[in-house]
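So the mapping is simple: my numbering equals the position in the sequence shown, first residue as 1, plus 90.
Even for Gly, the Cβ is constructed at its ideal location relative to N, Cα and C.
Since the model is a prediction, treat every value here as computed from it, not as a measurement.
Since the structure comes first, as structure tokens, the remarks are kept for the end.
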Amino acid sequence: MGRGRTRTNAETVYWLLVTGYWLLVLAGCGADALPGAETAVSPTLIPTAQMVPTATPMPTATATLPPTAVPTQVPTTMPTITPVPTATDLPPITLAVPQEWVERVQTAISHHPGQRGWQIMTAAEAQAEVRLVNDDSGILLWREPLALAVPFTAPVEGVDLAKAQAIVAGTDQGDITLRLWRDMVPQLRALRVNGRFPPDLDYPLQASWSLLAPPELADTAEQLAAELRAGRENEPLVWLTAVGDIMLDRSLGYYLNLGNLAYPFADIADELKQADYTVGNMESALGSVGERASKSYTFRAPPQAAEALALAGFDLLTLANNHGMDFGPEALAQGLGLLHAQGLATVGAGANATTARQPHLATVNGLTLAFLGYVNVPVEARGFDTATWTATETAPGLAWGYPEVIAADVTAVRSQADVVIVLLHSGYEYQENPSPPQVAAAKAAIDAGADLVIGHHAHILQGVEFYNGGVIAYGLGNFAFEIDGSPETAVFHFWLDKNGVRQLAFTPAVIQFGGQPRLATAPEAFAIRQQIYRLTDRQ
91 MGRGRTRTNA ETVYWLLVTG YWLLVLAGCG ADALPGAETA VSPTLIPTAQ
141 MVPTATPMPT ATATLPPTAV PTQVPTTMPT ITPVPTATDL PPITLAVPQE
191 WVERVQTAIS HHPGQRGWQI MTAAEAQAEV RLVNDDSGIL LWREPLALAV
241 PFTAPVEGVD LAKAQAIVAG TDQGDITLRL WRDMVPQLRA LRVNGRFPPD
291 LDYPLQASWS LLAPPELADT AEQLAAELRA GRENEPLVWL TAVGDIMLDR
341 SLGYYLNLGN LAYPFADIAD ELKQADYTVG NMESALGSVG ERASKSYTFR
391 APPQAAEALA LAGFDLLTLA NNHGMDFGPE ALAQGLGLLH AQGLATVGAG
441 ANATTARQPH LATVNGLTLA FLGYVNVPVE ARGFDTATWT ATETAPGLAW
491 GYPEVIAADV TAVRSQADVV IVLLHSGYEY QENPSPPQVA AAKAAIDAGA
541 DLVIGHHAHI LQGVEFYNGG VIAYGLGNFA FEIDGSPETA VFHFWLDKNG
591 VRQLAFTPAV IQFGGQPRLA TAPEAFAIRQ QIYRLTDRQ
């Protein structure tokens with residue numbers, strides 16, 4: 091038989107069974123790699139005790155029956171699987187805010203929802219975890235001026251701080267209402283407190299807003315506060331100052347020719363320079379060239395006038411008036427060049443109709459302002475018709491203020507600007523009430539989308555009208571002008587925001603002998619205010 095015994099059929103079957111079983115086990119465990127190779131452990135098939143048979147001992151030579159595999163219990167120890175803890179879903183943080191704040195807070199939350207999120211409640215509802223309060227006791231959002239508002243023509247101009255605090259406390263309000271400065275409208279006028287106006291940096295009456303939060307929510311509340319502050323920073327405001335007719339010929343021109351460039355505005359320049367943007371009406375030709383027009387009164391300021399205007403703080407001038415071409419197209423071209431060389435913008439006149447009607451766009455403090463200038467005056471008593479100076483497509487001149495032309499130009503520029511301002515030279519001279527053509531032209535501008543119309547030509551102050559969401563200051567009078575007539579004038583101040591005119595105020599002034607303006611004394615100022623209020627009540 092050879093050196094070993096011969097394997098029986100039963101043994102062969104037995105080893106085939108054992109070999110097949112382990113192949114199945116290895117296959118089930120994913121053991122399809124070569125021995126020694128790394129293999130991934132399958133999480134799906136784990137053999138149990140019932141799946142593992144054990145072989146009985148080899149049969150002896152006297153056995154008469156083939157051996158059979160008898161399965162026996164093989165104890166196994168399986169690890170207990172412990173679930174991985176998951177974060178418990180926390181409810182959103184409740185936040186109580188005044189009703190007028192809901193939209194602003196929703197916008198801030200959309201930018202920074204936080205891990206838990208927020209549930210907004212009105213301030214009148216049940217106790218919230220975080221509250222927005224009208225004081226500075228929590229995480230400060232900001233402080234902003236609180237205005238004491240009266241009707242525009244109310245006789246009171248200001249109060250002291252003690253009176254203001256009593257009004258805020260509700261013990262002495264009278265006809266005065268409380269409004270945040272950002273919510274003011276031009277029909278209401280903010281009172282001065284201790285002589286200071288709401289946009290002044292040292293204005294003493296401030297409203298504060300803050301977030302009250304428990305210590306564990308302080309970081310989250312600070313993040314929300316930062317978003318609220320950032321949203322508020324996108325609210326630009328522009329202080330626009332406007333004055334009436336500027337004529338730098340005669341005595342004022344004499345001093346300019348002597349080299350005294352500060353003289354015309356020496357007593358009032360500080361009032362002009364404090365604004366963000368200052369505009370006026372250039373009521374003369376400017377330069378040293380040209381032929382005198384055949385009319386009753388002609389004016390030509392010396393070339394130095396352009397530098398004097400820049401020195402005084404002006405930013406833009408309208409040339410659309412009944413003296414803009416007193417020395418013809420040659421002087422008009424020279425005057426435009428002199429003004430532009432000093433960095434001064436112009437409207438209302440140009441080399442042709444397109445340039446004369448072209449708006450000037452200025453971005454100030456993030457707000458885009460559009461300025462347009464027009465003249466629309468009647469034929470003069472001695473027969474001269476300013477309309478003959480109207481610019482054409484081929485000839486220089488002025489922008490004539492037909493209502494339909496103004497409306498078309500305002501409509502065209504409306505989408506390019508946040509605020510549209512029209513400078514209108516119109517009406518009858520020395521008449522307190524605006525003329526029908528003057529009113530029609532001004533209202534056409536507002537109806538087309540202008541926010542503000544600033545008027546000139548009457549040589550005296552006229553009233554203000556609040557019309558269709560806009561403001562019309564019909565006549566600002568003379569400003570720097572040696573002329574017979576009323577010396578009363580004013581520096582008009584407008585605060586502009588994305589909604590148009592937020593607030594209107596004015597500083598009374600007086601034109602001195604020789605044409606130089608100065609600030610009014612207290613008695614003079616009282617009379618000038620009453621004059622403007624009286625004329626405004628007529629509108």
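_Here's a check: name, in chain order, each residue in its chain whose Cβ is nearer than 8 Å to the Cβ of G590, leaving out the five neighbours to either side._
Closer than 8 Å at the Cβ level, and outside the excluded window around G590, lie V509, D541, L542, G559, G560 and V561.
_In whole angstroms, give me the CA-to-CA distance for T436 and R619._
C-alpha separation (whole angstroms): 30 Å.
*Determine which residues share a DSSP beta bridge with T482 and list them.*
For T482, which the question treats as bridged, DSSP gives no partner whatsoever.
_Test item: CB-CB of Q528 and Y557 under 9 Å_ = Taking 9 Å as the cut-off, the Cβ atoms of Q528 and Y557 do not count as close.
*Of the choices R390, L586 and P607, whose alpha-carbon is the least far from that of R272?*
With distances taken between Cα atoms, R272 lies closest to L586.
_In this structure, how does DSSP classify D537 when only helix, strand and coil are distinguished?_
Note: D537 maps to helix in three-state DSSP.
*Going by Cα to Cα distance, which pick from G248, A612, D179 and H547 is closest to E373?*
Closest in alpha carbon position to E373, among G248, A612, D179 and H547, is H547.
*From the DSSP output, which residues share a beta bridge with L372?*
Checking the sequence, you will find Met at residue 372 rather than Leu. Its beta-bridge partners are I336.
*Out of L338, T445 and L457, which has the shortest C-alpha to C-alpha gap to T388?*
For T388, the nearest C-alpha among the options comes from L338.
*Which residue comes first and which comes last in the alpha helix (DSSP H) that contains L542?*
Here L542 belongs to no alpha helix (DSSP H); instead the beta strand (DSSP E) covers L542 to H546.
*Between the stretch 394-404 and the stretch 344-353, are three or more C-beta pairs nearer than 8 Å?*
Here the stretch 394-404 lies against the stretch 344-353, with 3 or more beta-carbon pairs under 8 Å apart.
*asked:* By the three-class DSSP mapping on this structure, what secondary structure does L251 have?
replied: Of the three classes helix, strand and coil, the one that applies to L251 here is helix, per DSSP.
*Under 9 Å, do F80 and N371 count as touching if we go by C-beta distance?*
Lying outside 91 to 629, the shown extent of the chain, residue 80 is not represented and no answer is given.
*Count the C-beta pairs between the stretch 217-231 and the stretch 239-259 that are closer than 8 Å, then say yes if the count reaches three, no if not.*
With the cut-off at 8 Å, the stretch 217-231 and the stretch 239-259 do not touch.
*Starting from the Cα of A460, find the closest Cα among L236, I511, T482 and E494 and give me that residue.*
Nearest C-alpha to A460: I511.
*Taking G425 as part of the alpha helix (DSSP H), name the residues at either end of that continuous run.*
Here the alpha helix (DSSP H) through G425 covers G418 to A431.
_DSSP-derived helix/strand/coil call for E361_ = Residue state, collapsed to three classes: helix.
*Would a C-beta distance cut-off of 9 Å place G228 and L301 closer than the cut-off?*
For the pair G228 and L301, the CB atoms are nearer than the 9 Å cut-off.
*Range covered by the beta strand (DSSP E) that runs through S298*: It spans Q296 to L302 - the beta strand (DSSP E) in which S298 sits, taken as one unbroken run.
*Are the Cβ atoms of T408 and L513 separated by less than 9 Å?*
In this structure, the beta-carbon distance from T408 to L513 falls below 9 Å.
*First and last residue of the uninterrupted alpha helix (DSSP H) at T626*: Where T626 is concerned, the enclosing alpha helix (DSSP H) stretches over A612 to D627.
*Look at the alpha carbon of A610 and the alpha carbon of L342, and state the distance between them as a whole number of angstroms.*
In this structure, the CA atom of A610 is about 20 Å from the CA atom of L342.
*Classify F355 as helix, strand or coil using the three-state DSSP reduction.*
F355 falls in the helix class under three-state DSSP.
*Is E378 helix, strand or coil by DSSP?*
Sequence check: residue 378 is Ser here, not Glu. For S378, the secondary structure class from DSSP, reduced to helix, strand or coil, is coil.
*Assigned secondary structure, G321 (DSSP; H/G/I helix, E/B strand, else coil)*: Looking at G321 - three-state DSSP - the assignment turns out to be helix.
_Need the endpoints of the beta strand (DSSP E) that D587 sits in, please._
Taken as a continuous stretch (DSSP letters only), the beta strand (DSSP E) holding D587 covers E578 to D587.
*Alpha carbon to alpha carbon, how far is W232 from P182?*
Per the coordinates, the alpha-carbon of W232 lies some 25 Å from the alpha-carbon of P182.
*How would you call Q606, buried or exposed, if buried means at least 16 neighbouring beta carbons within 10 angstroms?*
The residue is buried, with at least 16 neighbouring Cβ atoms inside 10 Å.
_Spatially closest choice to P491 from N523, P235, G433 and A530, by CA coordinates_ = A small correction: the amino acid at residue 491 is Gly; Pro does not occupy that position in the sequence shown. The option with the nearest alpha carbon to G491 is A530.
*Does the separation of the CB atoms of G334 and G517 fall below 9 Å?*
Judged by beta-carbon spacing, G517 lies beyond the 9 Å limit of G334, meaning their Cβ atoms are not closer than that value.
*Grab me the residues of A595's own chain with a C-beta within less than 6 Å of its C-beta, minus the 5 sequence neighbours each way, in chain order.*
Excluding sequence neighbours, A595 sits near H583.
*Find the nearest neighbour of V503 within the set A452, P288 and T331, judged by alpha-carbon distance.*
Considering only alpha carbons, the answer is A452.
*Does the beta-carbon of F417 have 16 or more other beta-carbons within 10 angstroms, so that it is buried, or is it exposed?*
Answer is buried; the Cβ neighbour count reaches 16.
*For I358 versus A599, is the C-beta spacing smaller than 9 Å?*
In this structure, A599 lies closer than 9 Å to I358 by Cβ.
*In terms of DSSP beta bridges, what is M211 paired with?*
Beta-bridge partners assigned by DSSP to M211: A186.
_Unbroken stretches of the alpha helix (DSSP H), 4 residues or longer, contained in the stretch 449-513_ = Counting only unbroken stretches of 4 or more residues, the alpha helix (DSSP H) elements lying wholly within the stretch 449-513 are 493-504, in sequence order.
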